[in-house]
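The sequence shown lines up with residues 57 to 441 when you count with the working numbering.
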Amino acid sequence: MTEAIATPGALKRLADEGVSVWLDDLSRSRIASGDLAALVADGGVVGVTTNPSIFQAAIGSGEGYEEQLTDLAVRGVTVDEAVRMMTTADVRDAADVLREVYDATDGRDGRVSIEVDPRLAHDEKATVAEARQLAWLVDRPNVMVKIPATLAGLPAITEVIGLGISVNVTLIFSLERYRAVMDAYLAGLEKARERGLDLSAIHSVASFFVSRVDAEVDKRLTALGTDEALSLKGRAALANARLAYEAYEEVFGSADDSTRPSGRWSALENAGANKQRPLWASTGVKDPAYKDTLYVDELVAPGTVNTMPEATLRAAADHGDVTGDTVTGGYDRARADLAAVERLGISYDEVVRQLENEGVAKFEAAWQELLDAVAKSLDSKGVDA
Numbered sequence: 057m058t059e060a061i062a063t064p065g066a067l068k069r070l071a072d073e074g075v076s077v078w079l080d081d082l083s084r085s086r087i088a089s090g091d092l093a094a095l096v097a098d099g100g101v102v103g104v105t106t107n108p109s110i111f112q113a114a115i116g117s118g119e120g121y122e123e124q125l126t127d128l129a130v131r132g133v134t135v136d137e138a139v140r141m142m143t144t145a146d147v148r149d150a151a152d153v154l155r156e157v158y159d160a161t162d163g164r165d166g167r168v169s170i171e172v173d174p175r176l177a178h179d180e181k182a183t184v185a186e187a188r189q190l191a192w193l194v195d196r197p198n199v200m201v202k203i204p205a206t207l208a209g210l211p212a213i214t215e216v217i218g219l220g221i222s223v224n225v226t227l228i229f230s231l232e233r234y235r236a237v238m239d240a241y242l243a244g245l246e247k248a249r250e251r252g253l254d255l256s257a258i259h260s261v262a263s264f265f266v267s268r269v270d271a272e273v274d275k276r277l278t279a280l281g282t283d284e285a286l287s288l289k290g291r292a293a294l295a296n297a298r299l300a301y302e303a304y305e306e307v308f309g310s311a312d313d314s315t316r317p318s319g320r321w322s323a324l325e326n327a328g329a330n331k332q333r334p335l336w337a338s339t340g341v342k343d344p345a346y347k348d349t350l351y352v353d354e355l356v357a358p359g360t361v362n363t364m365p366e367a368t369l370r371a372a373a374d375h376g377d378v379t380g381d382t383v384t385g386g387y388d389r390a391r392a393d394l395a396a397v398e399r400l401g402i403s404y405d406e407v408v409r410q411l412e413n414e415g416v417a418k419f420e421a422a423w424q425e426l427l428d429a430v431a432k433s434l435d436s437k438g439v440d441a
């Protein structure tokens, strides 16, 4: 069992500032050992996110999955079905661990996310069908189905929300795409309202990726090598995220009422709908020169979620510097930072497009590695997969 978090003070301060802390990791051993329950009870964790890479690491290790793999092999299921059964079982069990949080927060937190097959990222109809299947298989009210924010994903998000299924929109890198994601969410809520569904039961988060933006922009700044270029390292990701929060306030209104919500959202809110909260994803720093809690300390804002890998979670608990809102006062600086990067010839549009393509490709590769590992395991048990 993983060592307990002894000093979660900074995590408590995050919660006090309106930031929900979710764990970006899941494995069967983490559930069975009681580690997840301990993080929820004592470590300030109020949600869990997963992705194909996380499941590849967990199931690929084989720890805790042998009995189910044997049963699946005896049944002669396909590799795809075996993976689906194992991942939904883990998410179902994790959802049970988080159920008290879900009940206590009226569904706002206590969520566990599971992603649609990444090979479907550019297929709208298949994504909708997969989302329905995953929600049915997990069969827990606190599940969130993750759908990537590709162009094909946008109408799928609308349709899935319209069916009353809560959605975690993932792989958002650009401000333009983020605005389209919020629009897709509102359109989905309008569909759900037309169908007579209870809007208060539908929740969504929009996962805006952070560290990967710095990794790519910093690489290009380093290649330029000028003093001006080097001075901008480590600033693009925070600027991008802060401007995403500004866009969020334009649609849903600010917590202090300084920004009024859009009329479209107000009508839905009056019908009981929930705001689609921004979720900061990819919050583990990629550059060891940066403080390991950079994307926690500098992205504190009310009504947000920060999903952290375990190393970042423990670092934040140990030495995070949470002193209040570090987002809403920084919009002008954020615009200036991105403009300065653009003036150096680094195209924002090119960077975010590349990151989206790479993000989908990385998840597809991890999923294929998982399928290959499961196929090998099933085959070793003497059953043709």
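The beta carbon of each residue, even a glycine, is placed where N, CA and C say it ideally should be.
Bear in mind the structure is a predicted one, so any value in this text is a computation, not a measurement.
### Task
Hey, could you find the ends of the alpha helix (DSSP H) S260 is sitting in?
Working through the sequence shown from its first residue, we reach residue 260 at position 204. No alpha helix (DSSP H) contains S260, which is instead part of the beta strand (DSSP E) from S260 to F265.
### Message
On the criterion of 16 or more Cβ atoms from any shown chain inside 10 Å, does L154 qualify as buried, or is it exposed?
### Response
Counted from its first residue, the sequence shown places residue 154 at position 98. Buried is the call here.
#### Entry: Outcome for L286 when other beta-carbon atoms lying within 10 angstroms are tallied against a minimum of 16
Residue numbering aside, residue 286 sits at position 230 when the sequence shown is read from its first letter. L286 counts as exposed, since fewer than 16 other C-beta atoms from the protein chains shown sit within 10 angstroms of its C-beta.
#### Entry: Which listed residue (V273, D81, L82 and G99) has its alpha carbon closest to that of A373
Taking the sequence shown and counting its residues from 1, one reaches residue 373 at position 317. A373 has its Cα closest to that of G99, out of V273, D81, L82 and G99.
### Message
Tell me which residues share the same chain as A88 and place their Cβ nearer than 7 Å to its Cβ, disregarding the 5 neighbours each side in the sequence.
### Response
Residue numbering aside, residue 88 sits at position 32 when the sequence shown is read from its first letter. If the five residues before and after A88 are omitted, its C-beta is found closer than 7 Å to the C-beta atoms of G120, all from its own chain and listed in chain order.
### Message
Between which two residues does the alpha helix (DSSP H) holding S109 run?
### Response
Counting from one through the sequence shown, the residue named residue 109 turns up at place 53. Run containing S109: P108 to S117, per the alpha helix (DSSP H) assignment.
### Task
Identify the continuous beta strand (DSSP E) that holds R333 and give its terminal residues.
For the purposes of this step, residue 333 is taken as residue 277 along the sequence shown, with counting starting at 1. Here the beta strand (DSSP E) through R333 covers Q332 to A337.
### Task
Under the assumption that I110 contacts D81 (Cβ atoms under 8 Å), give the Cβ distance between them as a whole number of angstroms.
As a position in the sequence shown, residue 110 is number 54, starting the count at 1. As a position in the sequence shown, residue 81 is number 25, starting the count at 1. By a beta-carbon distance limit of 8 Å, I110 contacts D81. Their separation comes to about 6 Å.
### Query
Does DSSP put E73 in a helix, in a strand, or in coil?
Working through the sequence shown from its first residue, we reach residue 73 at position 17. DSSP places E73 in the coil class of the three-state scheme, outside both helix and strand.
### Query
Who are the near neighbours of A337 in its chain, counting only those whose CB is closer than 6 Å to its CB and skipping five residues on each side?
Along the sequence shown, one-based indexing puts residue 337 at 281. Exclusion of the five residues before and after A337 leaves S263, F265 and T363 as the residues of its chain whose Cβ lies within less than 6 Å of its Cβ.
### Query
Would you call the CB atoms of D146 and R188 closer than 8 Å?
Within the sequence shown, numbered from 1, the residue matching residue 146 stands at position 90. Within the sequence shown, numbered from 1, the residue matching residue 188 stands at position 132. Not a contact, by the Cβ cut-off of 8 Å.
### Query
Can you tell me the Cα-Cα spacing of R148 and L176, whole angstroms?
Your numbering for residue 148 matches position 92 in the sequence shown. Your numbering for residue 176 matches position 120 in the sequence shown. The alpha-carbon atoms of R148 and L176 are separated by roughly 22 Å.
### Coarse secondary structure for P358, derived from DSSP in three states
Here residue 358 corresponds to residue number 302 of the sequence shown, with the count starting at 1. Correct three-state label for P358: coil.
### Query
Is V407 near the ligand MG, going by C-beta to nearest heavy atom under 7 Å?
You won't find the ligand MG in this model; it holds no ligand whatsoever.
### Query
Out of curiosity, what's the CA-to-CA distance linking L400 and G359?
In the sequence shown, counting from the first residue as 1, residue 400 sits at position 344. In the sequence shown, counting from the first residue as 1, residue 359 sits at position 303. Straight-line measurement puts the Cα of G359 at about 34 Å from the Cα of L400.
### Message
Against chain C, with Cβ distances strictly below 8 Å, would Y387 count as a contact?
### Response
Absent from the structure is chain C; it holds one protein chain and no more.
### Message
Using only CA atoms, which one of R298, E123, D428 and L324 lies nearest to R249?
### Response
Residue mapping note: residue 249 aligns to position 193 of the sequence shown, counting from 1. Between R249 and the set R298, E123, D428 and L324, the nearest pair of CA atoms involves L324.
### Query
Relative to the alpha-carbon of Q424, which residue among H259, W78 and P108 has its alpha-carbon at the smallest distance?
Here residue 424 refers to the residue found at position 368 of the sequence shown. Ranking H259, W78 and P108 by Cα distance to Q424 puts P108 first.
### Query
Is K432 helix, strand or coil when you go by DSSP?
As a position in the sequence shown, residue 432 is number 376, starting the count at 1. Helix, per DSSP.
### Query
If you run the structure through DSSP and keep just helix, strand and coil, what is N224?
As a first step, residue 224 is located in the sequence shown; it is residue number 168 there, counting from the start. DSSP places N224 in strand when its eight states are reduced to three.
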